[in-house]
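Peer 1:
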Amino acid sequence: MGLRTCLLGLLALIVASKGSYSPEPDQRRTLPPGWVSLGPVDPEEELSLTFALRQQNLERLSELVQAVSDPGSPRYGKYLTIEDVAELVRPSPLTLHTVKKWLLAAGARNCNSVTTQDFLTCWLSVRQAELLLPGAEFHRYVGGPAKIHVVRSLRPYQLPQALASHVDFVGGLHRFPPTSSLRQRPKPQGAGSVGLHFGVTPSVIRERYNLTAQDVGSGTTNNSQACAQFLEQYFHDSDLAEFMHLFGGNFAHQTSVARVVGKQGRGRAGIEASLDVQYLMSAGANISTWVYSSPGRHEAQEPFLQWLLLLSNESSLPHVHTVSYGDDEDSLSSAYIQRVNTELMKAASRGLTLLFASGDSGAGCWSVSGRHQFRPSFPASSPYVTTVGGTSFQNPFRVTNEIVDYISGGGFSNVFPRPSYQEEAVVQFLNSSPHLPPSSYFNGSGRAYPDVAALSDGYWVVSNSVPIPWVSGTSASTPVFGGLISLINEHRILSGHPPLGFLNPRLYQQHGAGLFDVTHGCHESCLNEEVEGQGFCSGPGWDPVTGWGTPNFPALLKTLLNP
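In mature numbering (1 follows the signal peptide of the UniProt record, and there is no 0), the protein residues as written are -19 to -1, 1 to 544.
1) For the beta strand (DSSP E) that contains residue 242, what are its first and last residues?
2) For residue 172, count neighbouring C-beta atoms within 10 Å of its own C-beta (all shown protein chains included) and say buried if the count is 16 or more, exposed if not.
3) Thinking C-beta only, is residue 370 closer than 8 Å to residue 455?
4) May I have the straight-line CA-CA distance separating residue 541 from residue 438, to the nearest angstrom?
5) Alpha carbons only, please: which of 487, 106, 135 is nearest the one belonging to residue 48?
6) What number of angstroms, rounded off, separates the C-alpha of residue 288 from the C-alpha of residue 78?
7) Expressed to the nearest angstrom, what Euclidean distance is found between the alpha-carbon atoms of residue 5 and residue 381?
8) Please confirm if the region 41 to 55 is in contact with the region 328 to 343, defined as three or more CB-CB distances below 8 Å between the two stretches.
9) What are the start and end residues of the beta strand (DSSP E) that includes residue 374?
10) Go ahead and pull the three-state DSSP assignment for residue 237.
11) What are the residues that DSSP puts in a beta bridge with residue 474?
12) Less than 8 Å between the C-beta atoms of residue 293 and residue 244, yes or no?
13) Going by other Cβ atoms of all chains shown within 10 Å of its Cβ, with 16 needed for buried, is residue 524 buried or exposed?
14) Hey, quick one: how far does the beta strand (DSSP E) through residue 515 stretch, first residue to last?
15) DSSP on residue 323, reduced to helix/strand/coil?
16) Assuming residue 509 contacts residue 302 under a Cβ cut-off of 8 Å, what Cβ separation, rounded to an integer in Å, is found between them?
17) Name the DSSP beta bridge partners of residue 21, please?
18) Going along the chain, which residues of its own chain have a beta-carbon closer than 6 Å to the beta-carbon of residue 233, five neighbours each way excluded?
19) Could you check the C-alpha separation between residue 10 and residue 265 for me, to the nearest Å?
20) May I ask you to verify whether the region 345 to 364 touches the region 419 to 436, counting CB pairs closer than 8 Å and requiring at least 3?
21) So, with DSSP's three-state summary, where would you put residue 289?
22) For residue 375, does the count of other Cβ atoms within 10 angstroms reach 16, so buried, or fall short, so exposed?
23) In chain order, what residues of the same chain have a beta carbon less than 7 Å from the beta carbon of residue 69, not counting five sequence neighbours either side?
24) Within the region 27 to 73, note down every full alpha helix (DSSP H) run reaching 4 residues or more, in order along the chain.
25) Would you decide whether residue 204 is buried or exposed? Buried here means 16 or more other CB atoms lie within 10 Å of its CB.
26) How many angstroms separate the CA atom of residue 65 from the CA atom of residue 97?
27) Looking only at its chain, what residues have a beta carbon closer than 8 Å to the beta carbon of residue 17, apart from the 5 residues adjacent to it on each side?
28) Could you tell me whether the region 336 to 345 touches the region 457 to 467, where touching means 3 or more Cβ pairs closer than 8 Å?
29) Is the region 341 to 351 close to the region 407 to 414, with three or more CB pairs under 8 Å?
30) Given a cut-off of 8 Å on the beta-carbon distance, is the pair residue 100 and residue 32 in contact?
31) Between 373, 104, 300, 263, which lies nearest to residue 180 when the distance is taken from Cα to Cα?
32) Rounded to whole angstroms, what is the Cα-Cα separation between residue 25 and residue 111?
33) Whole angstroms is fine: what's the gap from residue 223's alpha carbon to residue 270's?
34) Whose C-beta lies closer than 7 Å to the C-beta of residue 93 among residues of the same chain, with five residues either side of it excluded?
35) Output the residue ranges of the alpha helix (DSSP H) runs that lie fully inside the region 448 to 473 and measure 4 residues or longer, sorted by chain position.
36) So what does residue 503 bridge to, in DSSP terms?
As structure tokens, then:
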């Protein structure tokens, strides 16, 4: 009875409380370019909102990630199950009771949780949601290349002060879907005909990264890989089959996706969605592949957040996930960015390898109080993911050494401090690089990225039955690197070892062994007199443009196969 009385008293306090707070005062709430309002949403229309509940024992979770990811630890490779994670981070009984009673009192319906119990997704009418979250005003917006509709509020929302220790943020109010930065570049000039290639295809990748026809999945393990897509883009099975017919003739491969999680729209295929699937399945050839396709999409939901919820609700997941999603760090609230980082830490504790594209804006650029600074991207800047930059061939028509692709995202986080695993490498770069930008442009003590790289320039993709050349972006390099990690996992599983899990501690301990060091080129940044469009430059060892470098598959397999 004591707990019940306490809870009822707390509920009364919440209802009667005049005090309120804003969980996300620093979230950017401006309308992105290309979006327009269609006006207020009908008050009786139904919304789906996601409530991120305060977790417990996050320091302990961080320690366990370090232990299971560090080859020098006796716990290396002994990953947590989803039940282990739930036991650790599950919100307190007081948090669960308080938030559920608050939501029920507001009329919330069909509330669904996840295995880890740290998210609640509920349905409310717009009227109920605006009463529950004072300040919010829901409008319908349309925009993006696909002219999709979303429901969002550009005004900040408030929560009762009594919930401050129980709710991190509410998803489905502010963040708009990102747009693809993938580009189709003009064909380079000066091509002859002898011994040349005319764009990057699976055979070019396999030649450059030293894969043989035998470097494919065995088809005998439970190994699997996945790519996640949040752009309201879809791939077509017929495009994948045509791509493999054109470009997959010299290696064993699969011609269909094993599982689609989410909705596969019936519209035209998107180039980025086609690229992700085709290059993950040709680099990680003959390995079972899942696609997360704008999972759980409802107009008031954030697809990336819904993907994180799916990870927290599935006990058996692919070992490798490649994601070409990113936002400017400064556009996201502190509450949101820290909580998403925790979700990525949860995935690392379970032995999932998460590879994120580093972005296609080089060092980025924005103006703060009239001064230019570089602009880091998230989740590329998370210390719990492996971030993949981009390269080009030194000679665009020959399978030669690689140089920096000038769009390759990279830099230093303004949110996350430098993790211990990269301390030595980053200090070495900062002390030895002859071309460092002025220190006022970046936070030298922040998490530095990318960690690795792969070719990102001049890909062939089949989309809507048409072969399309010269597609470029780190959305290309990420699934390629992911596919090669899946092949290494295949060897590890066949040898009785666990999959690689969170790669970074091992990559940095081994000082980039098994990777081609990329030492030439700089990426783009602010177009002003001070830096003249130049960000960071690559050099020997790790750098914030191409990380440790690009894969030399036989050497990388050798260095990552044991233990």
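Backbone N, C-alpha and C define an ideal beta-carbon position, used for all residues, glycine too. Keep in mind that this is a model prediction, so the values were computed, not measured.
Peer 2: Checking against the coordinates, here is how it stands:
1) 240 to 243
2) Confidence in residue 172 is poor, its pLDDT being 46 and thus under 50, which makes the residue's placement unreliable; the coordinate value appears in the next sentence. Classification of residue 172: exposed, given that the 10 Å Cβ count is below 16.
3) yes
4) 27 Å
5) Nearest of 487, 106, 135 to residue 48, Cα basis: 487.
6) 25 Å
7) 48 Å
8) Because the criterion of three Cβ pairs below 8 Å is met, the region 41 to 55 and the region 328 to 343 touch.
9) 367 to 374
10) coil
11) In the DSSP output, where bridge partners are listed per residue, residue 474 has none listed.
12) no
13) buried
14) 515 to 518
15) helix
16) Actually they are not in contact, since the Cβ atoms of residue 509 and residue 302 sit about 37 Å apart, beyond 8 Å.
17) Answer is 120.
18) 197, 267
19) Going from the Cα of residue 10 to the Cα of residue 265 covers about 39 Å.
20) yes
21) Judged by DSSP in its simplified three-state form, residue 289 adopts helix.
22) exposed
23) 38, 41, 42
24) 39 to 50, 63 to 70
25) buried
26) 9 Å
27) Annotation for residue 17: 122, 123, 124 place their beta carbon closer than 8 Å to its own, counting only its chain and skipping 5 residues before and after.
28) yes
29) The region 341 to 351 is not in contact with the region 407 to 414.
30) yes
31) 373
32) 11 Å
33) Cα to Cα, residue 223 sits roughly 17 Å from residue 270.
34) 102
35) none
36) 518
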